[in-house]
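Numbering (my numbering) for the sequence shown: 18 to 172.
From the three backbone atoms N, C-alpha and C, an ideal C-beta is built for every residue, glycine too.
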Amino acid sequence: MPNVYDRLAALGITLPKAPPPVANFETHRITGQLLFLSGQGPTEPDGRQHRGKVGGTVDRHDAYRHARLTGINLIAVMQEALGDLNRITGIVKLLGMVNAVPEFEHHPAVINGCSDLFVELFGPEIGRHARSAVGMGSLPGQITVEIEAVVEFAR
18 MPNVYDRLAA LGITLPKAPP PVANFETHRI TGQLLFLSGQ GPTEPDGRQH
68 RGKVGGTVDR HDAYRHARLT GINLIAVMQE ALGDLNRITG IVKLLGMVNA
118 VPEFEHHPAV INGCSDLFVE LFGPEIGRHA RSAVGMGSLP GQITVEIEAV
168 VEFAR
């Protein structure tokens with residue numbers, strides 16, 4: 018597998034600073050060789066968040082890009098937690114939540130924005146994962162997506 022930092026550069030991705038927790042919780046927790054990541058949202062480096070209802074004011078293609086941005090924010094937390102992204106041996110599981118109108122049916126297509134990024138960055142052996150993609154009546158601040166992850170790493 019190529020160096021993860023070389024892949025980030027090839028994809029034109031600059032990692033933002035990992036966001037701090039916004040309430041009484043941690044952005045991540047390590048137990049054994051598993052890194053549990055709290056939910057992240059589609060926050061731009063300048064702090065602006067993408068908001069709205071997918072299938073209403075936000076189309077699924079924009080929401081896909083929001084999920085990809087959320088994946089970048091998750092990677093920033095991985096970097097902060099592990100110090101070296103090359104230590105990651107597997108993206109174990111994602112839970113992707115989409116703030117959607119009730120009739121919206123394409124939740125998996127939205128969360129593919131994050132899943133596709135992880136496979137592009139880490140390769141299929143490490144980047145493919147188990148996943149749930151679900152619709153929500155609302156999300157904090159009316160953000161379009163929130164994704165949490167479980168990651169395996171080498172000590």
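The Cβ-Cβ distance between E43 and L112 does not fall below 8 angstroms. Annotation for A26: the continuous alpha helix (DSSP H) segment containing it runs V21 to A27. C-alpha of G88 to C-alpha of E163: approximately 10 angstroms in a straight line.
Counting along the chain, the unbroken alpha helix (DSSP H) around N90 starts and ends at R77 to L99. If you draw a straight line from the Cα of V71 to the Cα of A126, it comes to about 12 angstroms.
A straight line joining the alpha-carbon of E120 with that of R172 spans about 45 angstroms. Between A98 and I47, the beta carbon gap of about 7 angstroms places them in contact (Cβ cut-off 8 angstroms).
In the three-state scheme derived from DSSP, where H, G and I count as helix and E and B as strand, E165 is classed as strand.
Spanning the alpha carbons of Q50 and G107 requires a straight line of approximately 10 angstroms.
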